[in-house]
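Which chain is which? The protein sequence lines are Y and G, in order.
Here UniProt numbering is used: the first residue of the first sequence is 1, the next is one more, and so on.
Here UniProt numbering is used: the first residue of the second sequence is 1, the next is one more, and so on.
Protein chains: 2
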Amino acid sequence: MTRSQIPATKPPRISDVAARAGVSLSTVSRVLNGSTTVDSAMADRVHEAALALGYAASPLARSLVLGATQTIAVVVPDLGNPVFQAVLRGLTSTASRAGYHVLVADSFESADEEPELAMAARRRCDGIVLCAPRMSDETLARLLPALRPAVLVNRSSDAAPSVSVDYRSGILQLLAHLTELGHRTISYVSGASAAESDAARRAGIRAFVDDHPEVTVREVPGGVDFAAGHGAADGVQASEATAVLAFNDLVAMGLLSALSERGVRVPQDVSVTGFDDIPFAAYTTPPLTTASVPVEALGTQAADRLLALLAGRAPDEDVSFEPVITVRGSTGDALQR
Amino acid sequence: MTRSQIPATKPPRISDVAARAGVSLSTVSRVLNGSTTVDSAMADRVHEAALALGYAASPLARSLVLGATQTIAVVVPDLGNPVFQAVLRGLTSTASRAGYHVLVADSFESADEEPELAMAARRRCDGIVLCAPRMSDETLARLLPALRPAVLVNRSSDAAPSVSVDYRSGILQLLAHLTELGHRTISYVSGASAAESDAARRAGIRAFVDDHPEVTVREVPGGVDFAAGHGAADGVQASEATAVLAFNDLVAMGLLSALSERGVRVPQDVSVTGFDDIPFAAYTTPPLTTASVPVEALGTQAADRLLALLAGRAPDEDVSFEPVITVRGSTGDALQR
DNA sequence: TTGAAAGCGCTACCAC
DNA sequence: GTGGTAGCGCTTTCAA
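Right under this line is the structure:
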């Protein structure tokens, strides 16, 4: 190949700048870090030399001596999930404003590899944001001391600050909405059973059913993505429910798709709700009734807490966002059946 | 706060392992890097000590001495765009399989800050993948030598390998499809005018119109997201076109939404096409006819090339993916009008 | 085969 | 105010 991929010249080092400016390394370092008072003529010469050479201190060397990398890591279970994409986005935005870089690690839904992945990421930076919904409490507890400073997303611990969503509240609102429409037999297409967020939805369902004996909710095994929703169609039809609560919007969309293939009309034959209100929920056929979650805020707030920790400040209290339900076309009156 | 966020103990250093195993630093390093032959009894002692101490070499220190960080960076203009999300996903998957970490930098559509952002990211890692559709050729040419090794996404250069999409071909296929349906007056809702991918679409349109004098294509200023598509509805209606080519799926979805609000039926009143075939394009109302782009492959192929460069191998030839059009419900016969 | 020591590039302490 | 110099934690010659 004709195009060389090796940088033409190695980047200049601090000694090059010192030599060119005719001063010591220490002086260059001082000038460039704007610390102590330096003779202004000297400072000028240093700046001039640095500029001419295109010098910038090696972040690697600085990090080693300073003990700080100006980088934070985020571990997510699936970068293909709009929720984690939004978290990453919020995180990146807040981190970069504070001069921090972001290292991203995708565990590809493999809870087994998460501890190692998190540790590896953590060792190359100053702190970590962990989105590990399926990691066991024991593993998390064992891991956290080595990960600190760390912030948790969607799970709580007394060993680290956290930001989460009140899934229980969201599911209660969704159930109230469906009940109001006259639905009495409802299916819940569940998510990953090990996840705290699935447990929270279940708890909400139990609480609601206890208060409303006339309502029956049956669980249909699901998952967290399109395919899981699509595959749950059999179970949903078998349940004879008039409405179904899908674990999240992705599952709801997969279900919508499978239902449409079978000629089942939504919401005339069955109502469907999602969860999260991802940007595309408004554009499905029919548009999805769902519980809106401020997903990007999850990322910014997690970053805020981690940055506080890194700055030696006390992080804000743990926060739990209340979803707000958004009624669209996928839910309708049970009597229409 | 009761929960300390400072790691209980500083991580063990190589000297701790050496002391515990009763050997020199050099020996520990050799054993752990599996290089030269070492006495097996000694090696055992070292491994034992390392395990007991939970030792892992500081990536920072290793990077400094080795001159390699095992990290690659990716710069994207907008992490909220499904296309770049997919690129990131593909990249992360390939990189992690090769033992590389990924640093992600979002320029938030600010072309001005991209050079600095890219440089800052590049300095902390071994190579970079650049998605900078709006950066000027001059800036790119100036930047590239300092960024190398680098791989470009969706723009070509003789100074770096690249992977891209043949937008021209995709737009030609879309136009052929619409023309076949009888459409003669078509609107093109454009993207960012500085982007090479927009220029490629324009070139396709010009070529098509040259060959098909009976077809007229008028340009309506657009953008790259939902809002841009929504805002283009006025222009589209004013153009009296029977079909519209949206810059991408996001723009198409925004347009679909605005059209629906105005009571314009798709595809009865006007046909709409997108571009990219993002995962949600199949779920819009109506489902979107679009040109499918193997967007995750863009990321994996970019990573492959960068990893080749880093391994001192010759990267594969530049690749240009041919979109394949996927006809769904948003396009229909022009005669239905 | 093993250990001592140099050095990756930088910052910060300590004399001057 | 400025310049030596130790040292961040590690790998890798070079001797022994």
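Cβ atoms here follow ideal geometry from the backbone N, Cα and C, with glycine treated the same way.
Assuming the contact rule is C-beta atoms closer than 8 Å, residue i and residue j should be a hit. Round their C-beta distance to whole Å, please.
{"i": "Y:Val129", "j": "Y:Ala302", "result": "5 Å"}
{"i": "G:Pro323", "j": "G:Ser169", "result": "6 Å"}
{"i": "Y:Leu60", "j": "G:Leu64", "result": "5 Å"}
{"i": "G:Leu172", "j": "G:Gly204", "result": "5 Å"}
{"i": "Y:Ala50", "j": "Y:Val23", "result": "Rounded, the Cβ-Cβ distance is 11 Å, inconsistent with contact."}
{"i": "Y:Thr182", "j": "Y:Ala334", "result": "Thr is not the amino acid found at residue 182 of chain Y; the sequence shown has Gly there. At roughly 4 Å, the Cβ-Cβ gap stays under 8 Å, so Y:Gly182 and Y:Ala334 are in contact."}
{"i": "Y:Ala227", "j": "Y:Gly254", "result": "6 Å"}
{"i": "Y:Gln268", "j": "Y:Gly332", "result": "7 Å"}
Kindly indicate which three-state DSSP category residue i falls into: helix, strand or coil?
{"i": "Y:Ala150", "result": "strand"}
{"i": "G:Leu79", "result": "coil"}
{"i": "G:Tyr167", "result": "helix"}
{"i": "Y:Leu103", "result": "strand"}
{"i": "Y:Val87", "result": "helix"}
{"i": "G:Asp16", "result": "helix"}
{"i": "Y:Arg142", "result": "helix"}
{"i": "Y:Tyr188", "result": "strand"}
{"i": "Y:Phe280", "result": "coil"}
{"i": "Y:Gly127", "result": "strand"}
{"i": "G:Arg218", "result": "strand"}
{"i": "G:Leu31", "result": "It should be pointed out that residue 31 of chain G corresponds to Val in this sequence rather than to Leu. G:Val31 falls in the helix class under three-state DSSP."}
{"i": "G:Thr242", "result": "coil"}
{"i": "G:Thr300", "result": "helix"}
{"i": "Y:Gln5", "result": "coil"}
{"i": "G:Phe208", "result": "helix"}
{"i": "G:Thr94", "result": "helix"}
Which chain G residues sit within Cβ distance under 7 Å of residue i?
{"i": "Y:Pro267", "result": "The premise fails here: Y:Pro267 is roughly 14 Å from chain G at the closest Cβ pair, so nothing lies under 7 Å."}
For a cutoff of 8 Å on Cβ pairs, would you count residue i as touching chain G?
{"i": "Y:Val104", "result": "yes"}
{"i": "Y:Met1", "result": "Confidence is the limiting factor: at Y:Met1 the pLDDT is only 47, short of 50, which leaves the residue's position unreliable, though a coordinate-based value still follows. It does; some Cβ of chain G falls within 8 Å."}
{"i": "Y:Pro59", "result": "yes"}
{"i": "Y:Gly22", "result": "no"}
{"i": "Y:Ala141", "result": "no"}
{"i": "Y:Ser15", "result": "no"}
{"i": "Y:Thr92", "result": "yes"}
{"i": "Y:Gln301", "result": "no"}
{"i": "Y:Gln173", "result": "no"}
Can you pull the chain G residues whose beta carbon is under 8 Å from the beta carbon of residue i, in chain order?
{"i": "Y:Tyr283", "result": "Met253, Leu256, Ser257, Phe280, Tyr283, Thr284 and Thr285"}
{"i": "Y:Arg89", "result": "Leu79, Gly80 and Asp106"}
Taking only beta-carbon atoms, is residue i less than 8 Å away from chain Y?
{"i": "G:Ser63", "result": "yes"}
{"i": "G:Thr216", "result": "no"}
{"i": "G:Gln85", "result": "yes"}
For a contact defined as C-beta to C-beta under 7 Å, what are the partners of residue i on chain Y?
{"i": "G:Leu309", "result": "Gln5"}
{"i": "G:Pro149", "result": "Gln5"}
In chain G, what lies closer than 9 Å to residue i by C-beta?
{"i": "Y:Pro12", "result": "Ordered by position in chain G, no residue passes the 9 Å Cβ test against Y:Pro12, which lies about 12 Å from the chain."}
{"i": "Y:Ala121", "result": "His101"}
Given that residue i touches chain Y, what residues does it touch there, using C-beta distances under 8 Å?
{"i": "G:Gly204", "result": "Those within 8 Å of G:Gly204 in chain Y number zero; the least Cβ separation is about 26 Å."}
Please confirm whether any heavy atom of the ligand SAM lies closer than 7 Å to the CB of residue i.
{"i": "Y:His183", "result": "Because no ligand of any kind appears in the structure shown, any question about the ligand SAM cannot be addressed here."}
Just the chain Y side, please: which residues come within less than 9 Å of residue i by C-beta, in chain order?
{"i": "G:Ala56", "result": "Met119, Ala120 and Arg123"}
Check your understanding: Quick check: the segment 98-113 of chain Y against the segment 98-116 of chain G, are there 3 or more CB pairs under 8 Å?
Key -> Contact between the segment 98-113 of chain Y and the segment 98-116 of chain G is present, because at least three Cβ pairs lie under 8 Å.
Check your understanding: Counting pairs of beta carbons, one from the segment 239-246 of chain G and one from the segment 187-196 of chain G, are three or more of them closer than 8 Å?
Key -> At 8 Å Cβ cutoff, the stretches touch.
**Study point:** Stretch pair the segment 73-83 of chain G + the segment 271-281 of chain G: three plus CB contacts closer than 8 Å
**Key:** With the cut-off at 8 Å, the segment 73-83 of chain G and the segment 271-281 of chain G touch.
Review point. Just checking, does the segment 119-138 of chain Y make contact with the segment 64-78 of chain Y on the three C-beta pairs under 8 Å criterion?
Key: Touching, yes, given that three or more Cβ pairs across the two stretches are closer than 8 Å.
**Study point:** Contact between the segment 109-119 of chain G and the segment 132-152 of chain G (3+ Cβ pairs under 8 Å)
**Key:** They touch, by the three-pair rule.
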